[in-house]
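K.L.:
Each residue of the sequence shown is one higher than the one before, counting from 3 in the numbering used here.
All C-beta atoms in this analysis are idealised placements derived from N, C-alpha and C, irrespective of residue type, glycine included.
Bear in mind that the values here come from a model prediction, so they are computed numbers and not experimental data.
Sending over a structure as structure tokens; questions will come in a sec.
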Amino acid sequence: MNELITRAITGAVYVALTLGAAFSGPFTTFLLFLPVCGMAAYELHQLYWSDEHAPPPFWSVLVAMVTMVVISMSAFQPRFIWGYAVAFIFLLVIVSITWMLLSGSKDPAKELAGILLIVGLIAVPFGLIPLLFGTDPWAFMGFMILLWANDTGAYLVGRLIGRIKLLPSVSPKKTVEGLLGGIAITLGVAYLLSRYHAFLSLDEWLTYAAIVALTATLGDLLESAFKRARGVKDSGSILPGHGGILDRFDGFFLAIPAVMLYLKLVA
Numbered sequence: 003m004n005e006l007i008t009r010a011i012t013g014a015v016y017v018a019l020t021l022g023a024a025f026s027g028p029f030t031t032f033l034l035f036l037p038v039c040g041m042a043a044y045e046l047h048q049l050y051w052s053d054e055h056a057p058p059p060f061w062s063v064l065v066a067m068v069t070m071v072v073i074s075m076s077a078f079q080p081r082f083i084w085g086y087a088v089a090f091i092f093l094l095v096i097v098s099i100t101w102m103l104l105s106g107s108k109d110p111a112k113e114l115a116g117i118l119l120i121v122g123l124i125a126v127p128f129g130l131i132p133l134l135f136g137t138d139p140w141a142f143m144g145f146m147i148l149l150w151a152n153d154t155g156a157y158l159v160g161r162l163i164g165r166i167k168l169l170p171s172v173s174p175k176k177t178v179e180g181l182l183g184g185i186a187i188t189l190g191v192a193y194l195l196s197r198y199h200a201f202l203s204l205d206e207w208l209t210y211a212a213i214v215a216l217t218a219t220l221g222d223l224l225e226s227a228f229k230r231a232r233g234v235k236d237s238g239s240i241l242p243g244h245g246g247i248l249d250r251f252d253g254f255f256l257a258i259p260a261v262m263l264y265l266k267l268v269a
């Protein structure tokens, strides 16, 4: 019960900050999530590398935050050309490769894969956040509410009635009942959102919710696989009751690109 209360308090603070930032505009939300991006990159760096030949953590953090800034620029500069973002990110990768070779890396392929993982799994999703606004903050808030509903629903249902293991080799505590409960609660929340906000139709809200629930679950399992391979329970300890930044945002990283694509298709 104490764990549940701690999780609820941390979650409430998280939701309050997100609500305040979202309705203050995309730039405020960008500023809020930029340090979060850096912390997430640091945690993933610690999970991925465990030897003395690893690149310094500050480089992973720098690459992630700079990439987020470059991608987010298109939300603030209407004439921003995406080709510039791709070219700049590619330049960062080239610098990373050069540094690895000059530092005498024994496994440059692994280190390059780690940098690309941090760019693709951390920086790109965070960089897409301002683009989810458009003219309506509910494009972003709907996503965050559904993500939270899926996480909370899966946790509660799994704790209460979970019996059948989902993928015990990856995450022993996750159950099929928790997965289905998370999806059901997310769909229910989507129905309520459709009644109070016409950002999407009912069918579109339900599809939106299903995409969030499924991709968030995949992201959760992916992060669990990283932690299991590293032999740790949490990615960090910065968030009481939730572990690290990756533990709180694990569903976020795969879900937000999928949602971005869906919203572009139905726009």
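(1) Going by DSSP in three states, K108 sits in which element: helix, strand or coil?
(2) Taking the beta carbon of S105 as the centre, do at least 16 other beta carbons fall within 10 Å, making it buried, or is it exposed?
(3) Under the three-state reduction of DSSP, which class applies to L265: helix, strand or coil?
(4) Does DSSP classify P174 as helix, strand or coil?
(5) Let me make sure I understand the geometry here. Which of V88, G253 and Y50 has the alpha-carbon closest to that of G184?
(6) Should D109 be labelled buried (16 or more other beta-carbon atoms within 10 Å of its own) or exposed?
(7) Is G116 helix, strand or coil by DSSP?
(8) Taking A231 as the reference, which of S171, T217 and G221 has the closest Cα?
(9) Quick check: I124 and F35, are their CB atoms within less than 8 Å of each other?
(10) Would you check if the distance between the CB atom of I117 and the CB atom of A43 is smaller than 8 Å?
(11) Is the beta carbon of L148 sitting closer than 8 Å to the one on A141?
(12) I'd like the list of long-range same chain contacts for D138, defined as Cβ closer than 7 Å, with 5 residues on each side in sequence excluded.
(13) List the endpoints of the continuous beta strand (DSSP E) containing K167.
(14) Measure how close the beta-carbons of Y157 and Y210 come, nearest whole angstrom, since I'm counting them as under 8 Å.
(15) Let's test the definition: count the other Cβ atoms within 10 Å of the Cβ of T100 and tell me whether it reaches 16, buried, or not, exposed.
(16) Give the range of the alpha helix (DSSP H) segment to which G129 is assigned.
(17) Check G238 in the structure and name its three-state DSSP category.
(18) Among T188, A260, M41 and L223, which has the Cα closest to the Cα of K167?
(19) Who are the Cβ neighbours of T188 in its own chain at under 7 Å, not counting the five residues just before and after it?
(20) For a test of the three-state rule: what should DSSP assign to G155, helix, strand or coil?
(21) By Cβ distance below 7 Å, which residues in the same chain neighbour G245 in space, the five residues on each side in sequence not counted?
(22) Measuring only the C-alpha atoms, how far is F145 from S107?
(23) So is I73 buried or exposed if we call it buried at 16+ other beta carbons inside 10 Å?
(24) Quick one: what's got a C-beta closer than 8 Å to F251's C-beta in the same chain, skipping five residues either side?
(25) Need the endpoints of the alpha helix (DSSP H) that A200 sits in, please.
P.N.:
With the given structure in hand:
(1) coil
(2) With fewer than 16 other Cβ atoms from the protein chains shown falling within 10 Å of its own Cβ, S105 counts as exposed.
(3) helix
(4) strand
(5) G253
(6) exposed
(7) helix
(8) S171
(9) no
(10) no
(11) no
(12) F201
(13) K167 to L169
(14) Not a contact, Cβ separation roughly 21 Å.
(15) exposed
(16) V126 to L130
(17) coil
(18) Of T188, A260, M41 and L223, the residue nearest in Cα terms is L223.
(19) L148, A151, N152, G155, A211, V214 and A215
(20) helix
(21) D236, S237, G238 and S239
(22) 41 Å
(23) buried
(24) The answer, listed in chain order, is V38 and A42.
(25) First-last for A200: undefined, no H or E at that position.
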